[in-house]
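Below is one structure, written out as C-alpha cells; comments come after it.
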Amino acid sequence: VSNEELFFGLTQGLRKFPKESDKVLCHFCFKPKKVTDEVLKPANGRKSQLLISDIIVLKTALDAIPFLSKVLKGANSFLLKNIYQTICENPKYESMRKRIGEVIDEDVIHSRAPFVACTQQCFAIKPGIDGLLDVARRSFCDTSEAIHNLATKYREEFTLPNLKIPYNNRLGFYFIIPLRDITEKLPNKFIQVVRHGKNVHCSSFELASLNVRNKSAAAECFLRTELCLEGCSNH
Numbered sequence: 001v002s003n004e005e006l007f008f009g010l011t012q013g014l015r016k017f018p019k020e021s022d023k024v025l026c027h028f029c030f031k032p033k034k035v036t037d038e039v040l041k042p043a044n045g046r047k048s049q050l051l052i053s054d055i056i057v058l059k060t061a062l063d064a065i066p067f068l069s070k071v072l073k074g075a076n077s078f079l080l081k082n083i084y085q086t087i088c089e090n091p092k093y094e095s096m097r098k099r100i101g102e103v104i105d106e107d108v109i110h111s112r113a114p115f116v117a118c119t120q121q122c123f124a125i126k127p128g129i130d131g132l133l134d135v136a137r138r139s140f141c142d143t144s145e146a147i148h149n150l151a152t153k154y155r156e157e158f159t160l161p162n163l164k165i166p167y168n169n170r171l172g173f174y175f176i177i178p179l180r181d182i183t184e185k186l187p188n189k190f191i192q193v194v195r196h197g198k199n200v201h202c203s204s205f206e207l208a209s210l211n212v213r214n215k216s217a218a219a220e221c222f223l224r225t226e227l228c229l230e231g232c233s234n235h
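Counting along the sequence shown from 1, when you hit position 3 you're at 3 in full-length UniProt numbering, and nothing is skipped either side.
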C-alpha cells in the first residue's frame, strides 16, 4: 500500500476486528438450526457461553465495518475495491448489525479478560427482555460484590493489604497473597494453600461457597441468554 493515510487507516481498522472472527463465522455456518431441551441441561452451560461469546464477537466485527468502509472508500487497488464492494456495501451486514442491535446491549464488546468476558456475556442481552434473566443477573451481581467485600474484610482482619482476588474460568475467584506480607503462619481460615513463586494462592470456605453461587448464577444467565439469542442467530 503506497498511500500512507490508507495504510494507517487499514491498520487501525483491522485492529477493530476480533482475531476470532473467522472461527466464529465457521461456528455459525455449522450451527444447529434450533435449540431443544438439551440446552437446559447443566452440561451444556459451556455451549451456551460459546454461543453468547460468538455473537459478541460477531457484533464487534460488524460494528467495525463502518470505519473500514470510510477507510476503503477511496482505494484504487483492485483487491481493496473488491473488499469495499463485497463487504462494506453489502446491505446484509448492516441488516445483521441492526438485528443484533435489537437484542444485544450496544455497550457490550469482546474481551479476553476472563471475568470481564463472563460479565459481558451475562449482560449481553438488553434489560427487560427476559425477567428470569434479570433475576439471575441480580444474583450474579450480588455474589460478585460479596466476593470482593470478603476480600476487603480479609485485608483488614488479617492485615494483608496486598491480598488480591483474581479470577479464572476453571477456579473462579481465588486469593493471591505476597509472601512478604505473611509474617507468621496464615490463619486457618485460608485453605488450599499453594506457593507460586513469591506469592501464595489460596481460598477459604466462605469464598468457595460464594464461588458456587456465583457460577450457578452465571450459568443461569448463559442459559437464559442463549434462549433469547436463538431467534437472532437463526435470522
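Every residue gets a Cβ at the ideal spot worked out from N, C-alpha and C, and that includes glycine.
Can you tell me the Cβ-Cβ gap for residue i and residue j, rounded? I've got them flagged as a contact below 8 Å.
i      : j      : result
Thr225 : Leu133 : 6 Å
Ile55  : Leu229 : 6 Å
Ser48  : Leu186 : That belief does not hold up - the Cβ atoms of Ser48 and Leu186 are roughly 37 Å apart, past 8 Å.
Val57  : Ser21  : 6 Å
Thr143 : Ala217 : 6 Å
Ile129 : Val108 : Actually they are not in contact, since the Cβ atoms of Ile129 and Val108 sit about 13 Å apart, beyond 8 Å.
Cys221 : Cys122 : 4 Å
Phe175 : Tyr167 : With a Cβ gap of about 11 Å, Phe175 and Tyr167 do not count as contacting.
Buried or exposed for residue i, going by 16 or more other Cβ atoms inside 10 Å?
i           : result
Gly9        : buried
Ala43       : Note that Ala43 scores a pLDDT of 45, beneath 50, so its modelled location is shaky; the value from the coordinates is reported in the next line. Classification of Ala43: exposed, given that the 10 Å Cβ count is below 16.
Thr11       : exposed
Ala136      : buried
residue 253 : Absent from the structure is residue 253, since the part of the chain shown begins at 1 and ends at 235.
Lys59       : buried
Val116      : exposed
Phe17       : buried
Ile52       : buried
Ser190      : Checking the displayed sequence, the identity of residue 190 turns out to be Phe instead of Ser. Classification of Phe190: buried, given that the 10 Å Cβ count is 16 or more.
Phe7        : exposed
Lys19       : exposed
According to DSSP, is residue i part of a helix, a strand, or is it coil?
i      : result
Asn168 : strand
Val212 : helix
Ser69  : helix
Arg195 : strand
Ser204 : strand
Phe8   : helix
Ile177 : strand
Gln49  : helix
Ile125 : strand
Phe140 : helix
Ile104 : strand
Phe158 : coil
Glu38  : Because Glu38 carries a pLDDT of 49, less than 50, the predicted location of this residue cannot be relied on, and no value is offered for it.
Phe17  : coil
Ala43  : With a pLDDT of only 45 at Ala43, under 50, the local geometry of the prediction cannot be trusted, and the value read off the model is given with reservation. Residue state, collapsed to three classes: helix.
Thinking C-alpha only, which one of the options is nearest residue i?
i      : options                           : result
Ile177 : Ser203, Asn168 and Asn169         : Ser203
Ile100 : Leu50, Lys19, Asp22 and Ile125    : Ile125
Arg97  : Ser77, Thr86, Ala218 and Ile65    : Ile65
Leu150 : Ile165, Cys141, Phe140 and Leu14  : Ile165
Phe67  : Tyr167, Cys88 and Glu5            : Cys88
Lys215 : Leu171, Ile83 and His148          : Leu171
Glu145 : Arg213, Phe205, Ser53 and His110  : Arg213
Ser139 : Asn211, Phe205, Ile182 and Ile104 : Asn211
Thr183 : Cys221, Glu102 and Phe158         : Phe158
His110 : Leu62, Leu179, Phe175 and Leu227  : Leu62
Gln192 : Leu207, Arg46 and Arg180          : Leu207
Ile147 : Arg180, Gly131, Pro127 and Phe205 : Phe205
Ala219 : Asp181, Lys153, Leu179 and Asn169 : Asn169
**OP:** Give a yes or no on contact between the stretch 197-215 and the stretch 85-104, applying the rule of three or more CB pairs nearer than 8 Å.
**Re:** Because the criterion of three Cβ pairs below 8 Å is not met, the stretch 197-215 and the stretch 85-104 do not touch.
Original post:
Does the pairing of the stretch 67-77 with the stretch 20-29 give three or more beta-carbon distances under 8 Å?
Top reply: Because the criterion of three Cβ pairs below 8 Å is not met, the stretch 67-77 and the stretch 20-29 do not touch.
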